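Student: Mind the numbering: the sequence shown is residues 0 to 467 in numbering that gives the first Met the number 0, read in order.
Just so it is clear, CB atoms sit at the ideal spot from N, CA and C, and this is done for glycine as well.
On a predicted model such as this, the values are computed, not experimentally measured, just so you know.
Below is the structure I would like to discuss, written out as structure tokens.
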Amino acid sequence: MRIAMQTRLIRFGASLCFFALCLSSYGQAPPATPAKKPPMGPPAPQSKHYPILILAFGNDPNWSLRIGQKGPERLDRPGYPPVPLEAAEVTHEASADSWTYHAKDSATGAPVAVHLSREACTDATNDTLTTTPPLGGKYAFRASLDHAQIGSFKGCARIAAELFPKINNQPDEDEEQAAKKKPPSPTITNFTSPVAVAFLNTAQQVAFKRGKIVRIASAQRAYQFSVSHDGKKLLFAQTVQPAPMSSVTEYNFDTGQTKELLRGKNLSAFWSPDDSLIAFAKQQEDGWQSQIWTFPAGAPDKPALLYTSNDLSFSLRGWADAHTFFATGQDNLYWIGDDGSMKQTIAKKDLCGSDPFAISPDQKFAPNPLNPDLLLVEATLTKPPASSPVASPSGPLKGFFLYEIRSKRRALLSPANMNAWEPEWSRDGLQVLFTGQESGKSSAIYRIFWDGTGLQKYAPGSKLAVGQ
């Protein structure tokens with residue numbers, strides 16, 4: 000892979016720098032071009048690599064791209080994790096000043112092509128990759144990008160000559176030595192760790208943690224935690240007799256007091272984004288009719304019926320936004336408006352697709368709190384990585400992936416060396432907290448960034464829910 004990367008950089012750098020006159024001293028004269036045939040790029044110079052970095056960006060929608068660098072290459076879009084690109088070939092097109100960079104999405108294998116032509120470009124604004132944009136906003140290259148799943152983008156590009164030692168006439172360092180001296184820079188730096196969370200501790204008690212203080216909200220096992228957005232109150236459900244009856248209890252972190260809010264069949268309750276309402280779902284006696292109710296916080300005696308379904312049964316999973324509920328059924332996911340309208344339905348089988356993901360009966364789904372197009376999906380892994388454990392405590396190996404609803408792009412996010420289940424978004428939408436277990440070890444709660452970096456153990460326990 001490294002040799003292929005070096006070869007690609009040599010060819011790409013030679014072509015671009017020859018026409019940009021940035022590294023002409025390295026190149027050889029281009030061969031004569033027969034009449035009426037596409038021009039050929041200059042042959043690669045005799046060096047290990049070319050220190051070339053192309054920075055491209057565009058608008059509508061906003062995007063940016065880094066290719067040809069000595070290090071990770073990627074496509075960035077606001078609201079989404081970076082798309083890593085795997086090195087491929089660079090071809091010289093029919094026009095003397097045009098090239099196509101071929102790559103693939105490292106996470107999905109989807110083909111990617113970046114087309115560059117050496118012509119002045121002023122079509123794009125808001126360059127987030129360049130500290131000092133060129134005079135007049137005029138870039139040296141026009142760029143377009145085609146991703147087989149995500150779509151097409153257009154914009155401008157430039158050679159980032161100032162970032163590399165050879166271009167600045169400084170001695171270049173051996174790649175392996177440089178890699179040892181400089182650890183990879185994290186891509187996620189501006190994140191906010193959760194302030195208030197709830198989870199089951201190792202004794203199966205309900206732990207409510209705010210800052211460094213942990214209180215036991217219930218000594219008995221519970222489920223379906225919902226922490227208020229101000230981090231001060233916790234809702235949890237517990238099974239009561241006769242089954243399948245359940246109760247919903249509210250715990251106040253400041254006072255340490257609990258009070259039962261609801262009791263009924265298969266209840267679950269969730270705080271609204273502004274903590275002004277509590278929504279809950281319940282089934283009727285026939286088991287096939289689901290309803291969504293709300294009541295003002297602190298007033299469970301004033302419920303209001305918002306939605307009734309006569310032909311399906313579902314479980315309420317929370318609020319997708321201030322005016323939309325998120326629910327799951329046996330075969331589908333539902334986005335239900337607070338006006339009673341069905342805004343969106345997605346089949347579970349369409350989310351998982353084919354290998355390596357499969358539907359599991361108790362799998363979890365979580366919309367990103369800031370991007371409605373991004374969904375976190377727990378699934379059974381039918382073809383787990385070789386380094387993975389054999390099975391999870393609840394059966395087959397589990398993991399989770401990110402799913403883009405519009406493009407249908409799936410990217411595995413869970414670590415390869417552990418079982419991973421019960422994923423939950425942080426409020427900033429950049430972190431995923433989940434229950435994980437490595438071979439031969441007890442399960443614990445872990446945190447990972449949405450781009451797969453920053454894995455670390457968060458706390459002992461399971462079933463974490465994030466509040467503030």
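1) Consult DSSP for Asp349 and reduce its assignment to one of helix, strand or coil.
2) Quick check: the stretch 93-100 against the stretch 448-459, are there 3 or more CB pairs under 8 Å?
3) By the DSSP assignment, the beta strand (DSSP E) with Phe478 in it spans what residues?
4) Excluding the 5 residues flanking Lys181 on each side, which residues of the same chain have their C-beta closer than 6 Å to its C-beta?
5) With distances taken between CB atoms, is the gap from Ser192 to Gly466 smaller than 8 Å?
6) Applying the criterion that 16 or more other CB atoms from any shown protein chain within 10 Å of the CB defines a buried residue, is Arg405 buried or exposed?
7) Distance, Cα to Cα, Ala357 vs Thr434?
8) Going by beta-carbon coordinates alone, are Leu369 and Gly297 separated by less than 8 Å?
9) Would you check if the distance between the CB atom of Pro80 and the CB atom of Leu401 is smaller than 8 Å?
10) Quick check on this structure: which residue in Ala159, Lys264, Gln203 and Ala321 has the alpha carbon closest to the alpha carbon of Arg220?
11) In three-state DSSP terms, what is Gly435?
12) Please classify Tyr138 as buried or exposed, where buried requires at least 16 other C-beta atoms within 10 Å of its C-beta.
13) For Leu134, name the three-state secondary structure that DSSP assigns.
14) Excluding the 5 residues flanking Phe152 on each side, which residues of the same chain have their C-beta closer than 6 Å to its C-beta?
15) Got a sec? Which residues, its chain only, sit under 7 Å from Lys264 by beta carbon, not counting five neighbours each side?
16) Please name the residue in Phe224, Ser314, Gly230 and Ser442 whose C-alpha comes closest to that of Val194.
17) Run the CB neighbour count on Glu72, radius 10 Å, all protein chains shown included, and call it buried at 16 or more, exposed below.
18) Roughly how many angstroms lie between the CA atoms of Ala464 and Leu199, to the nearest whole one?
19) Who pairs with Arg157 in a beta bridge, going by DSSP?
20) Am I right that Asn416 and Gln436 are in contact with their C-beta atoms under 8 Å? What's the rounded C-beta distance?
21) Quick check on the DSSP output: the beta strand (DSSP E) that includes Arg73 runs from which residue to which?
Tutor: In this structure, then:
1) helix
2) no
3) Any answer about residue 478 is impossible in this case: the structure gives the chain only from 0 up to 467.
4) With a pLDDT of only 48 at Lys181, under 50, the local geometry of the prediction cannot be trusted, and the value read off the model is given with reservation. So the list is empty, once near-sequence residues are dropped.
5) no
6) exposed
7) 19 Å
8) no
9) yes
10) Gln203
11) strand
12) buried
13) helix
14) Gly57, Trp62 and Leu144
15) Pro243, Met244, Lys281 and Gln282
16) Gly230
17) buried
18) 10 Å
19) Leu54
20) About 10 Å; that fails the 8 Å criterion.
21) Glu72 to Asp75
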